[in-house]
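J.: Per the working numbering, residue -17 is the first one in the sequence shown, and the count goes up by one each step.
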Amino acid sequence: KQQKQTEMTSFRMLCRELSLCNLTTVATFQKIGISKVRHSTNPCLVRNFGCLGGGGDKRSSTRSRIDQHWIEQLRSPPNIITSMRIISAPFLSYLIVTQQYEVAVQGLMIAGVSDAFDGYLARNFKMKTVLGSYLDPLADKVLVNSLAVSLCYDEIFPIPVVVLWFLRDLSFVLASYLHVRANTKSGEWVVDPATTPLKVSPSTIGKANTVLQFCTLSVALIQPIYNIDPAVLEVICWTSGGITILSTISYAMNNAFLKSGNSK
C-alpha cells in the first residue's frame, strides 16, 4: 500500500508538471495498479500512461528494430559498394582541389564501374533491397555534386551547371521524402527500410542523365591534363544541363516510385 501511495505521488507530480492532471485517470491508476496499466489494452489508459512517461520500452524496441533493419540491408554487398562510393566523394574532391587530376580520374572511373557493378549484383543475384533503391541514387547525387563543386572551385566547371545539378538533386530528395512520408502509415518511421511502403524506381532518362553527368565530369577532369579546348567542355556541360532539365520534367510528370513490397 505504501509503495502504491509513493507511485501515485510521483504520477501526480508528473501530471502537474505536464498540465495533464486528470483525477479520473489518477484514480484509475490507483485502483488497478501501475503494472496493469503498462500492459492494458484500454487506449485511454495507454495514451495517458504514455503521456506520463510510460511506454519507454516500446519506443526503445521500435528504435532497436529500425537499427536492425538498417544493419541487415546495409550488409548487402551492393549496398556496401554503394556506401563506399559515398565515402569516396570527399577524397576525390580533395584530389581535385589539390590538382591531382590523374588520380582523380582513376578514382572517378572506379566509382563509375562500381555504380554499374552494384546494380548488376542486385539484379542478377537477388540482392535488391528497399534501402538500396534509395541509397544508390543518393550516392550518385553526393558524388556528382561534390566533384562538380570541386571542379567549379578550380574554375574548370561552369557555375550555372553546378547550380542546376545541385538544385535539381536537392528538390528531388526533398520531394521524395515528403512523398514517402505522406504514404507512410501513422506511427511508422519513414526511414525504416522494412516498413516504408515505397521504393525508388529511376526512369530511363534519369539513368541517362546520371551517365552523362559522369561523362561530363570525366571530360572536365582530363581537360587540364590534355589541354582540351574549353569550348568542347562547355558544349558537353550544357548538353548535360539540358538532359538534367528533361529528367526533372520526367520525374515531375511520372511516378518515380513503386510499391516496396513491405507488408506494413
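Glycine residues also receive a C-beta, built at the ideal position from the N, C-alpha and C atoms.
Because the structure is a prediction, the values reported are computed rather than measured.
1. Taking the C-alpha atoms as reference points, what is the distance between lysine 110 and serine 58?
2. Expressed to the nearest angstrom, what Euclidean distance is found between the alpha-carbon atoms of serine 183 and glutamine 50?
3. Would you decide whether glutamine 88 is buried or exposed? Buried here means 16 or more other CB atoms lie within 10 Å of its CB.
4. For a minimum of 3 consecutive residues, which ranges assigned as the beta strand (DSSP E) are wholly contained in the segment 154 to 184?
5. Ordered along the chain, which non-local residues of its own chain (more than five positions away) have a Cβ less than 6 Å from that of alanine 86?
6. Taking a contact to mean a Cβ-Cβ separation below 8 Å, would you say asparagine 191 touches serine 229 in this structure?
7. Do lysine 123 and aspartate 97 have their C-beta atoms closer together than 8 Å?
8. On the three-pair Cβ rule with 8 Å, is the segment 92 to 107 touching the segment 139 to 146?
9. Between valine 201 and the rest of its own chain, which residues show a CB-CB distance below 8 Å, the 5 nearest in sequence each way excluded?
10. Identify which residue in Leu90, Thr80, Trp52 has its Cα closest to the Cα of arginine 67.
11. Which value, in whole angstroms, describes the spacing of the CA atoms of glycine 37 and proline 175?
12. Report yes if the C-beta distance between serine 254 and threonine 186 is below 8 Å; otherwise report no.
13. Report the partner residues of lysine 241 according to the DSSP bridge assignment.
14. Let me check understanding here. Comparing Cα to Cα, which of Thr198, Ala234, His161, Val162 lies closest to tryptophan 220?
15. Tell me the residue span of the alpha helix (DSSP H) that contains isoleucine 210.
16. Does threonine 80 come out as helix, strand or coil in the three-state DSSP assignment?
17. Thinking just about the alpha-carbon of each residue, which of Gly188, Arg105, Gln81, Ile225 is nearest to the one in asparagine 236?
18. Is DSSP giving threonine 111 helix, strand or coil here?
T.: Once the coordinates are examined:
1. In the sequence shown, residue 110 corresponds to position 128, counting from 1. In the sequence shown, residue 58 corresponds to position 76, counting from 1. If you take the alpha carbons of lysine 110 and serine 58, they lie about 8 Å apart.
2. Counting from one through the sequence shown, the residue named residue 183 turns up at place 201. Counting from one through the sequence shown, the residue named residue 50 turns up at place 68. Roughly 24 Å between the two C-alpha positions.
3. Start at 1 with the first residue of the sequence shown, and residue 88 comes out as number 106. By the neighbour-count rule (16 or more Cβ atoms within 10 Å), glutamine 88 is not buried but exposed.
4. 180 to 182
5. To locate residue 86, count along the sequence shown from 1; it is residue 104. Hits under 6 Å: Leu74, Leu77, Ile78, Leu203.
6. Position 209 of the sequence shown, counting from 1, holds the residue named residue 191. Position 247 of the sequence shown, counting from 1, holds the residue named residue 229. Against a cut-off of 8 Å, the Cβ pair of serine 229 and asparagine 191 comes out as a contact.
7. Residue numbering aside, residue 123 sits at position 141 when the sequence shown is read from its first letter. Residue numbering aside, residue 97 sits at position 115 when the sequence shown is read from its first letter. No. Outside cutoff.
8. no
9. As a position in the sequence shown, residue 201 is number 219, starting the count at 1. For valine 201, where only same-chain residues beyond five positions count, the Cβ hits under 8 Å are Ile210, Val214, Leu215, Ile218.
10. As a first step, residue 67 must be located in the sequence shown, where it is residue number 85. Measuring from the Cα of arginine 67, the nearest candidate turns out to be Leu90.
11. Counted from its first residue, the sequence shown places residue 37 at position 55. Counted from its first residue, the sequence shown places residue 175 at position 193. With a pLDDT of 49 at glycine 37, under the threshold of 50, the predicted position of this residue should be treated as unreliable, though the coordinate-derived value follows. If I take the Cα positions, the gap works out to 23 Å.
12. Outside the displayed span of the chain (-17 to 246) sits residue 254, for which this structure offers no information.
13. If you number the sequence shown from 1, residue 241 lands on position 259. Answer by DSSP bridge pairing, in chain order: Leu180.
14. Counting from 1 along the sequence shown, the entry for residue 220 is found at position 238. Ranking the options by Cα distance to tryptophan 220, first place goes to Thr198.
15. Reading the sequence shown from its first residue, position 228 is the one you call residue 210. No alpha helix (DSSP H) holds isoleucine 210; DSSP gives it neither H nor E.
16. Residue 80 sits at position 98 when you count from the first residue of the sequence shown. Note: threonine 80 maps to coil in three-state DSSP.
17. For this step, residue 236 is matched to residue 254 along the sequence shown. When each option's Cα is compared against that of asparagine 236, the closest is Gly188.
18. Reading the sequence shown from its first residue, position 129 is the one you call residue 111. Looking at threonine 111 - three-state DSSP - the assignment turns out to be coil, as it is neither helix nor strand.
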